[in-house]
Every structure is written in structure tokens, then in C-alpha cells.
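Accompanying notes for the structure given below.
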Amino acid sequence: MKVFHEFPPVFDENSKILILGSIPSIKSREEGFYYMHPKNRFWKVLEEVFQEEISDKKDFCLQHSIALWDTCASCEIHASSDASIKNIVPNDLSVILQKAKIKQIFTTGKKAHDIYQKYLFPIYKKEDICLSSTSPANARKGVEDLVLEYQILKKYVK
Numbered sequence: 001m002k003v004f005h006e007f008p009p010v011f012d013e014n015s016k017i018l019i020l021g022s023i024p025s026i027k028s029r030e031e032g033f034y035y036m037h038p039k040n041r042f043w044k045v046l047e048e049v050f051q052e053e054i055s056d057k058k059d060f061c062l063q064h065s066i067a068l069w070d071t072c073a074s075c076e077i078h079a080s081s082d083a084s085i086k087n088i089v090p091n092d093l094s095v096i097l098q099k100a101k102i103k104q105i106f107t108t109g110k111k112a113h114d115i116y117q118k119y120l121f122p123i124y125k126k127e128d129i130c131l132s133s134t135s136p137a138n139a140r141k142g143v144e145d146l147v148l149e150y151q152i153l154k155k156y157v158k
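In this text, residue positions in the sequence shown follow the numbering used here: the first is 1, and each later residue adds one.
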């Protein structure tokens, strides 16, 4: 099925890091925001990393200088399976990079990293740091492991 990214990136001029996924899941598209599948651990991991309860996800990101978006503007995907992604049209990151002083780009999961490397790195020449996916499909990593790995975010938002 052809899927289009239907909601804007989260960022402002104070954003210092950009976290890129692949494309929103079915549940995220239904809810109009990032990482909204109830079993996705992204928001739980950020709560642990920053030692703060998240009541408003967008406000939390902006308060912590975090920009959120995805690598794909559109693609073909079966259900929410990153492994099935093909026929990619990448997002235009200049929308964010021209307005915010992004110190570091992070990709969440191997597919987002691969898409970034193939389509976006050649344009923007900014290396990404690939973090493990917080998706429930990534059963190899528990929340504790993810929290340890995602601690690196704090290094760039100070």
C-alpha cells in the first residue's frame, strides 16, 4: 500500500537534535503523531532518559531541543512493517536544517538508518547515529537496554 507522511515535523529554531524514524505506523497515522503504537517504547524510553513524565509529547520535545520527523515522505509498505518498505520518496530535511541548528541526527532502527544513508546523507552530508528501534518488533532489546543506549541524546541537547 502506498503511504504518505501526513503530519508535519516537530521542531523549532532551538532544536539541537533530529530523531528520524522511517514512516509513521498505522496507529501513529491514525493519531497524527509520532510513535503512537501502544507497545512502542519510544516515549517510555525518553521519560526514563530525561527523568521526566511526559504529558504533552510535542511540548516535551521542544523543551528538550528535540526535533522529530521521518526519513520517508512516502513509500509502499505492508501494514507497519519496515522490512516491507519500498519505492521511497525521502523527506526534505532542509525544512528543519535551514531553521534549526541541529548538532546531531539520530535514526531509530536499521531501516531508518539505511534510508537515511541511501537518500539523505548524500544531500546533507551529516552523519547519523543509529539507535535501536523502540518498536515492539525489536524484542531483542528491553526498555533498560534502550534507556542506556538513548542516554547519548542528552549529550547533544545541553
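For each residue, glycine too, the CB sits at the ideal point set by N, CA and C.
In the DSSP assignment, find the unbroken beta strand (DSSP E) run with P38 in it and report its ends.
To locate residue 38, count along the sequence shown from 1; it is residue 38. Run containing P38: none; DSSP gives neither H nor E here.
In the DSSP assignment, find the unbroken alpha helix (DSSP H) run with S94 in it and report its ends.
Residue numbering aside, residue 94 sits at position 94 when the sequence shown is read from its first letter. Start and end: 94-97.
So for F7, helix, strand or coil by DSSP?
Position 7 of the sequence shown, counting from 1, holds the residue named residue 7. Coil, per DSSP.
Can you give me the start and stop residues for the alpha helix (DSSP H) that L62 sits inside?
By one-based count along the sequence shown, residue 62 stands at place 62. Run containing L62: 57-63, per the alpha helix (DSSP H) assignment.
Which of helix, strand or coil does DSSP assign to P136?
Along the sequence shown, read from residue 1 onward, the residue named residue 136 stands at position 136. In this structure, P136 counts as coil in the three-state DSSP scheme.
Given a cut-off of 8 Å, decide if I77 and M1 are closer than it, judged by their beta-carbon atoms.
Counting from 1 along the sequence shown, the entry for residue 1 is found at position 1. Counting from 1 along the sequence shown, the entry for residue 77 is found at position 77. For M1 and I77, yes; Cβs fall inside 8 Å.
Are the region 3-13 and the region 87-101 touching, with three or more C-beta to C-beta distances below 8 Å?
Yes: the two stretches touch, three or more of their Cβ pairs being nearer than 8 Å.
Output the boundary residues of the beta strand (DSSP E) element that contains A73.
Here residue 73 refers to the residue found at position 73 when the sequence shown is read from its first residue. Its beta strand (DSSP E) spans residues 72-76.
Please confirm whether D56 and I23 have their CB atoms less than 8 Å apart.
On the sequence shown, residue 56 is found 56 positions in, with the first residue counted as 1. On the sequence shown, residue 23 is found 23 positions in, with the first residue counted as 1. For D56 and I23, no; Cβs fall outside 8 Å.
Which partner residues does A67 have in the DSSP bridge list?
By 1-based counting over the sequence shown, the position of residue 67 is 67. According to DSSP, which records beta bridges pairwise, A67 is partnered with L18.
Sort out for me which residues DSSP pairs L131 with in a bridge.
Translated into positions along the sequence shown, residue 131 becomes position 131. Answer is T108.
For a test of the three-state rule: what should DSSP assign to P24, helix, strand or coil?
Counting from 1 along the sequence shown, the entry for residue 24 is found at position 24. The answer is coil: DSSP assigns P24 none of H, G, I, E or B.
For K158, does the three-state DSSP call read helix, strand or coil?
The residue given as residue 158 occupies position 158 in the sequence shown. Three-state DSSP puts K158 in coil, outside helix and strand.
Could you have a look at I85 and say whether DSSP puts it in helix, strand or coil?
On the sequence shown, position 85 is the one that residue 85 refers to. It is coil, neither helix nor strand.
Looking at the secondary structure, which residues open and close the alpha helix (DSSP H) in which L12 lies?
Taking the first residue of the sequence shown as 1, we reach residue 12 at position 12. According to the sequence provided, residue 12 is Asp. The question's Leu does not apply to it. No alpha helix (DSSP H) contains D12, which DSSP labels as neither H nor E.
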